[in-house]
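Novice: Pasting a structure here, questions to come.
Rendered as structure tokens:
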């Protein structure tokens, strides 16, 4: 039997991040471990006036947490996997992926039940290029050229406050965060994957550790949800193969099917272009992370064959 450990969790300090860390803490405490939280503010939490694609992308939300792991101030870091770069720095490992919440996008508006109900000259808030392109597609189909899509930064509570203040007529958020914080009543509509393919890792929590900590990996093993991990591994491999970042409209969504079959769909768009997204999909039986990643590479290859371009490495 595994000996109880004393574990410190590094976490961002937003309400949603703290909920996620407390969720992990409670699970570990039920297994007999002693757990405390180390709240931290990341650079991504501080830079709110510019799009992530302009200031460094997803790594802005994890760097400070990784420094805490490296310095021994924390043992594990809890992340929303949607915000984690596809390549972890040397010496770090993803030790656990937990069961996924709802991976879909949510339409949040006090007055509009959906895109078709937006008033003239409405403003919709989102800073995700993926969501921007998908929303532009929907607006073109409706012949709506008057609607403006404006950046929306800040934590979940800040975004909802800006909506309630009237800065936007609607905003698009991840359904998972709203549901985790008991705010599902704010959701007016859910975008099905057929209409708005989610980002890689959306709705899933990942736990990062320093490499070479087998006792932590063993302690986290009971928290692993392998179907979610296999789906997320395939999704993240699509993004990794295409050089995915916040500067490219890219989506990837895996669905676990009966018979251990993983169905993977991905979409890629041209930044700053008005053209529709390219789509690719495949499915097969998978049993290991390497098999899931191979599926992700194959789907990414189909996108490349259809015209998607691999983004250059970040400088």
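Residue numbers (our numbering): 12 to 326. Glycine residues also receive a C-beta, built at the ideal position from the N, C-alpha and C atoms.
If you check the beta carbons only, do residue 7 and residue 249 fall under 7 Å apart?
Specialist: Beyond the ends of the chain as shown, which are 12 and 326, falls residue 7; an answer cannot be given.
Novice: Taking residue 150 as the reference, give the member of 128, 168, 23 with the closest Cα.
Specialist: Taking the first residue of the chain shown as 1, we reach residue 150 at position 139. Minimum Cα distance to residue 150 is reached at 128.
Novice: What does the alpha-carbon distance come out to for the pair residue 17 and residue 305?
Specialist: Residue 17 sits at position 6 when you count from the first residue of the chain shown. Residue 305 sits at position 294 when you count from the first residue of the chain shown. The straight-line gap from Cα to Cα measures roughly 37 Å.
Novice: Can you give the Cα-Cα distance for residue 300 and residue 99, rounded to whole angstroms?
Specialist: Numbered from 1 along the chain shown, position 289 holds the residue referred to as residue 300. Numbered from 1 along the chain shown, position 88 holds the residue referred to as residue 99. Answer to the nearest angstrom: the Cα atoms are 16 Å apart.
Novice: Given residue 125, which residues of its chain have a CB within under 8 Å of its CB, disregarding the five upstream and five downstream residues?
Specialist: Position 114 of the chain shown, counting from 1, holds the residue named residue 125. The residues are 118, 199, 200.
Novice: Quick one: Cα of residue 279 to Cα of residue 239, how far?
Specialist: Here residue 279 refers to the residue found at position 268 of the chain shown. Here residue 239 refers to the residue found at position 228 of the chain shown. Taking the straight line from one Cα to the other gives about 22 Å.
Novice: Just how far apart, CA to CA, sit residue 76 and residue 19?
Specialist: Numbered from its first residue, the chain shown carries residue 76 at position 65. Numbered from its first residue, the chain shown carries residue 19 at position 8. Rounded to the nearest angstrom, the two C-alpha atoms are 11 Å apart.
Novice: In three-state DSSP terms, what is residue 147?
Specialist: One-based indexing of the chain shown puts residue 147 at position 136. Residue 147 falls in the helix class under three-state DSSP.
Novice: Could you check the C-alpha separation between residue 221 and residue 157 for me, to the nearest Å?
Specialist: Residue numbering aside, residue 221 sits at position 210 when the chain shown is read from its first letter. Residue numbering aside, residue 157 sits at position 146 when the chain shown is read from its first letter. So the alpha carbons of these two residues sit roughly 50 Å apart.
Novice: Please name the residue in 321, 38, 164 whose C-alpha comes closest to that of residue 46.
Specialist: As a first step, residue 46 must be located in the chain shown, where it is residue number 35. Minimum Cα distance to residue 46 is reached at 38.
Novice: Is residue 208 near the ligand NAD, with its Cβ less than 6 Å from a heavy atom?
Specialist: Among the ligands in the structure shown, none appear at all, so the ligand NAD cannot be discussed.
Novice: Buried or exposed for residue 270, please, with buried defined as at least 16 other CB atoms from any protein chain shown within 10 angstroms of its CB.
Specialist: One-based indexing of the chain shown puts residue 270 at position 259. So residue 270 ends up on the exposed side.
Novice: Short of 8 Å in beta carbon distance, which residues of its chain neighbour residue 322, apart from the five on each side in sequence? Order them along the chain.
Specialist: Taking the chain shown and counting its residues from 1, the one referred to as residue 322 is at position 311. Correct list, in chain order: 253, 254, 255, 256, 258, 259.
Novice: Residues in its own chain within less than 8 Å of residue 189 by CB, not counting five upstream and five downstream?
Specialist: If you number the chain shown from 1, residue 189 lands on position 178. Excluding positions up to five away in sequence, the list reads 117, 119, 167, 195, 197, 198.
Novice: Are three or more beta carbon pairs between the region 129-148 and the region 216-234 nearer than 8 Å?
Specialist: No: fewer than three Cβ pairs fall under 8 Å.
Novice: In angstroms, rounded to a whole number, what distance separates the CA positions of residue 112 and residue 13?
Specialist: Position 101 of the chain shown, counting from 1, holds the residue named residue 112. Position 2 of the chain shown, counting from 1, holds the residue named residue 13. In a straight line, the C-alpha of residue 112 is about 28 Å away from that of residue 13.
Novice: Would residue 170 be called buried (16 or more neighbouring beta carbons within 10 Å of its own) or exposed?
Specialist: For the purposes of this step, residue 170 is taken as residue 159 along the chain shown, with counting starting at 1. Buried is the call here.
Novice: Hey, would you say residue 72 sits closer than 7 Å to residue 86, going by beta carbons?
Specialist: As a working note, residue 72 is residue 61 in the chain shown. As a working note, residue 86 is residue 75 in the chain shown. No, the pair does not count as a contact, with Cβ atoms beyond the cut-off.
Novice: With DSSP run on the structure shown, which of helix, strand or coil describes residue 159?
Specialist: Stepping through the chain shown from its first residue, residue 159 is reached at position 148. Residue 159: strand per DSSP, three-state reduction.
Novice: Please go through the region 160-224 and give each complete beta strand (DSSP E) segment of 3 or more residues, from N-terminal end onward.
Specialist: Listed in chain order, the complete beta strand (DSSP E) runs (minimum 3 residues) inside the region 160-224 are 181-185, 198-202, 216-221.
Novice: In angstroms with no decimal places, state the Cα-to-Cα distance between residue 176 and residue 121.
Specialist: Your numbering for residue 176 matches position 165 in the chain shown. Your numbering for residue 121 matches position 110 in the chain shown. Approximately 11 Å, taken between the alpha carbons.
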